[in-house]
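Trainee: Below is one structure. I have some questions about it.
Chains as they are written, first to last, in the UniProt record's numbering: chain V, 1 to 62; chain W, 1 to 534.
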């Protein structure tokens with residue numbers, strides 16, 4: 001699966017907001033935050049088949 | 001061959017032997033911004049005195065990346081074509097992670113524009129061309145080298161300056177004082193103005209090398225190569241760019257804990273360069289180690305003192321928004337100051353320079369700060385996100401969009417600001433002119449050439465434009481008793497729509513749009529753009 005850009009003009013603002021979210025946190029806190037974020041975003045996607053494909057894309061990237 | 005830094009002659013100024021008449025405009029600093037400011041005013045018949053503490057052009061290439069909009073403004077000032085001819089036009093950028101290319105982009109020039117997206121040209125050439133252009137106005141531009149402003153006082157209706165020369169000091173009076181004295185502006189410091197922003201701790205090393213063999217290898221056209229964590233420079237970033245005369249710019253991130261003095265030595269630099277360019281012979285032309293910050297003044301207009309260029313705002317170099325932002329400043333200020341000096345507009349029009357350009361510089365600072373944050377992660381978690389973006393980008397286009405090694409300079413929109421009249425059109429009020437090729441009675445020309453430099457009403461499609469004092473008229477794909485052109489290959493109509501009328505300001509920004517040529521509405525929009533409501 002190839003993932004195209006969906007954020008358009010907001011890409012940089014999104015990335016900056018994500019970095020701001022982590023500002024001042026310890027690595028353990030950041031880790032926990034990321035886990036919560038993954039869970040929240042997954043629920044928002046709300047489609048198990050799609051989520052499985054996205055999980056595979058993340059796992060296969062490295 | 002190394003650039004020949006021939007000094008400009010110092011001539012003892014008249015102020016040393018007796019008082020000079022009050023000058024309408026004194027420009028402090030003869031860098032690219034100060035010089036272009038003087039040329040812009042001269043083209044409108046406004047006299048200026050330019051003072052510089054030095055007598056040679058920029059030492060080192062410094063600003064090298066000039067945007068399309070800058071070239072269009074310099075076209076109006078008479079040096080754009082010369083810059084394009086000498087400059088290196090590049091359009092392909094390659095991003096590397098480690099030794100692997102992760103993706104490339106092509107600034108694929110859309111057809112139908114006079115100027116490309118970017119050229120690379122050393123600042124010393126730009127300054128040389130501007131000095132030579134300024135010298136074409138001997139009655140309007142008085143250029144004084146080795147004249148250092150050491151003090152100034154705003155007297156309300158004028159500014160008093162104290163100037164130091166090799167022959168002693170003298171005083172001057174100016175109706176308007178334009179500070180083009182750069183990032184370390186002595187004017188700003190004397191006035192004790194807050195210059196707040198973000199300082200980045202990373203040191204960067206800039207090196208210019210001259211070499212016959214292209215370090216781009218088989219790619220014989222000039223490109224922009226950017227590395228995250230290259231094998232020759234572990235853990236840091238690197239940039240390679242071509243300039244004219246076979247000079248290559250190499251930009252290396254050094255990290256926060258390096259000693260800049262130690263890094264900027266031939267013993268340290270030459271081995272690094274060899275790792276990038278291999279065994280091909282090269283000559284070290286110039287190098288500099290720098291740290292940077294993103295900062296700006298709250299307002300660019302302080303009484304009779306106007307800040308233009310780096311004296312008003314500084315950005316990180318990623319995205320080429322320093323010099324290019326400054327050129328947009330002077331383009332914005334030039335016509336306003338000339339109108340006020342002619343008595344055609346209230347002095348309050350000058351305030352809109354601050355309104356419009358503080359907005360432009362805030363946008364530049366936002367973009368360059370984001371690029372710098374991406375390139376120099378300040379915590380392990382930021383580094384982790386950055387590295388995983390790079391990993392994902394090998395396969396996924398969305399992640400490529402997240403990679404930020406500088407969002408290249410685009411002109412800002414002035415939509416919704418005081419001088420613009422709200423309206424709806426393919427190119428909305430506030431937007432800057434989009435170029436297009438035209439064919440006229442005297443042959444081929446460009447929209448930027450026909451529109452910039454005065455208020456111009458442009459009708460696209462078959463219609464008749466009214467004659468209104470102070471507004472030039474041109475028609476596209478129509479016939480009238482004023483200059484009319486055909487839209488070559490339909491570009492102009494495609495970009496601006498059919499049956500639309502645009503009122504452009506002298507700096508090429510759209511200030512109002514119409515669908516019918518109503519004299520009252522056009523006149524009202526023109527008055528508004530000249531500050532009548534202020």
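Here a beta-carbon is modelled for each residue, glycine too, at the ideal position from N, C-alpha and C. Being a predicted model, the structure only gives us computed values, none of them experimental.
With 8 Å as the threshold, decide whether the Cβ of residue 155/W is near any Cβ in chain V.
Mentor: By 1-based counting over the second chain, the position of residue 155/W is 155. The Cβ of residue 155/W sits no closer than 8 Å to any Cβ of chain V.
Trainee: What does the Cβ neighbour count give for residue 124/W, buried or exposed, with the cut at 16 atoms within 10 Å?
Mentor: Working through the second chain from its first residue, we reach residue 124/W at position 124. Under this definition residue 124/W is a buried residue.
Trainee: Please report the straight-line C-alpha distance between residue 467/W and residue 520/W, rounded to a whole angstrom.
Mentor: Locating residue 467/W in the second chain gives position 467, counting from the first residue. Locating residue 520/W in the second chain gives position 520, counting from the first residue. Near 12 Å, if we compare the C-alpha coordinates of residue 520/W and residue 467/W.
Trainee: How big is the Cα-Cα spacing for residue 273/W and residue 492/W?
Mentor: Taking the second chain and counting its residues from 1, one reaches residue 273/W at position 273. Taking the second chain and counting its residues from 1, one reaches residue 492/W at position 492. Going from the Cα of residue 273/W to the Cα of residue 492/W covers about 46 Å.
Trainee: So which residues on chain V does residue 266/W lean against when the C-beta distance must stay under 9 Å?
Mentor: In the second chain, the residue the question calls residue 266/W occupies position 266. The premise fails here: residue 266/W is roughly 38 Å from chain V at the closest Cβ pair, so nothing lies under 9 Å.
Trainee: With burial defined as no fewer than 16 other Cβ atoms inside 10 Å of the residue's Cβ, what is the status of residue 421/W: buried or exposed?
Mentor: One-based indexing of the second chain puts residue 421/W at position 421. Classification for residue 421/W: buried.
Trainee: List, in order along the chain, the chain V residues whose C-beta lies closer than 8 Å to that of residue 382/W?
Mentor: Within the second chain, the letter at position 382 stands for residue 382/W. Those within 8 Å of residue 382/W in chain V are 19, 22.
Trainee: Starting from the beta carbon of residue 228/W, find every residue of chain V whose beta carbon is closer than 7 Å, and list them in chain order.
Mentor: By one-based count along the second chain, residue 228/W stands at place 228. Taking a Cβ-Cβ threshold of 7 Å, none of the residues of chain V is close to residue 228/W; the smallest such distance is about 15 Å.
Trainee: With which residues is residue 48/W paired in a DSSP beta bridge?
Mentor: On the second chain, position 48 is the one that residue 48/W refers to. Paired residue(s): 141/W.
Trainee: Considering only the alpha carbon of each residue, which of 44/W, 531/W, 208/W lies closest to residue 61/W?
Mentor: As a working mapping, residue 61/W is identified with position 61 in the second chain. Per the Cα distances, 208/W.
Trainee: Under a CB-based cut-off of 8 Å, is residue 96/W close to chain V?
Mentor: Taking the first residue of the second chain as position 1, residue 96/W is located at position 96. No, because no Cβ of chain V sits closer than 8 Å to the Cβ of residue 96/W.
Trainee: Under 9 Å Cβ-Cβ, which residues of chain W neighbour residue 30/V?
Mentor: Position 30 of the first chain holds residue 30/V. Simply 379, 380, 381, 384.
Trainee: From the DSSP output, in three-state form, read off residue 472/W for me.
Mentor: Stepping through the second chain from its first residue, residue 472/W is reached at position 472. Residue 472/W: strand per DSSP, three-state reduction.
Trainee: Within this structure, are the beta carbons of residue 49/W and residue 144/W separated by less than 8 Å?
Mentor: As a position in the second chain, residue 49/W is number 49, starting the count at 1. As a position in the second chain, residue 144/W is number 144, starting the count at 1. Taking 8 Å as the Cβ cut-off, residue 49/W and residue 144/W qualify as a contacting pair.
Trainee: Tell me where the beta strand (DSSP E) around residue 246/W begins and ends.
Mentor: Start at 1 with the first residue of the second chain, and residue 246/W comes out as number 246. First-last for residue 246/W: undefined, no H or E at that position.
Trainee: Would you call residue 212/W buried or exposed, if buried means 16 or more other Cβ atoms sit within 10 Å of its Cβ?
Mentor: What you label residue 212/W is simply residue 212 of the second chain in a count that begins at 1. Result: exposed.
Trainee: Assuming residue 11/V contacts residue 133/W (C-beta within less than 8 Å), just tell me the rounded distance between them.
Mentor: Working through the first chain from its first residue, we reach residue 11/V at position 11. Working through the second chain from its first residue, we reach residue 133/W at position 133. About 40 Å; that fails the 8 Å criterion.
Trainee: With H, G and I counted as helix, E and B as strand and the rest as coil, what does DSSP make of residue 73/W?
Mentor: Here residue 73/W is taken as the residue at index 73 of the second chain, counted from 1. Per DSSP, reduced to three states, the secondary structure at residue 73/W is helical.
Trainee: For the beta strand (DSSP E) containing residue 66/W, list its first residue and its last residue.
Mentor: Within the second chain, the letter at position 66 stands for residue 66/W. Start and end: 65-67.
Trainee: Spatial neighbours of residue 114/W within its chain, please: C-beta separation below 6 Å, excluding the five flanking residues on both sides.
Mentor: Stepping through the second chain from its first residue, residue 114/W is reached at position 114. Same-chain partners within the cutoff: 435, 446.
Trainee: Who are the neighbours of residue 404/W on chain V, taking C-beta pairs under 8 Å?
Mentor: Counting from 1 along the second chain, the entry for residue 404/W is found at position 404. Near residue 404/W (Cβ distances below 8 Å), the residues of chain V are 12, 15.
Trainee: To the nearest angstrom, how far is the alpha carbon of residue 55/W from that of residue 293/W?
Mentor: Stepping through the second chain from its first residue, residue 55/W is reached at position 55. Stepping through the second chain from its first residue, residue 293/W is reached at position 293. Looking at the two C-alpha atoms, the distance is approximately 28 Å.
Trainee: According to the neighbour-count rule (16 or more other Cβ atoms, all chains shown, within 10 Å of its Cβ), is residue 202/W buried or exposed?
Mentor: The count along the second chain starts at 1 and reaches residue 202/W at position 202. The residue is buried, with at least 16 neighbouring Cβ atoms inside 10 Å.
Trainee: Does any residue of chain V have a CB that is nearer than 8 Å to the CB of residue 232/W?
Mentor: Looking up residue 232/W in the second chain gives position 232. Chain V, which has no Cβ nearer than 8 Å to the Cβ of residue 232/W, makes this no.
Trainee: Between the segment 45-58 of chain V and chain W, which residues of the former have CB atoms less than 9 Å from a CB of the latter, in chain order?
Mentor: 57, 58
Trainee: Nearest to residue 312/W by alpha carbon, out of 291/W, 469/W, 240/W, 362/W?
Mentor: Indexing the second chain from 1 puts residue 312/W at position 312. Per the Cα distances, 362/W.
Trainee: List the residues of chain V that residue 374/W touches, going by C-beta distances under 8 Å, in chain order.
Mentor: On the second chain, residue 374/W is found 374 positions in, with the first residue counted as 1. Result: 15.
Trainee: Three or more C-beta pairs under 8 Å: does that hold for the segment 177-197 of chain W against the segment 63-75 of chain W?
Mentor: no
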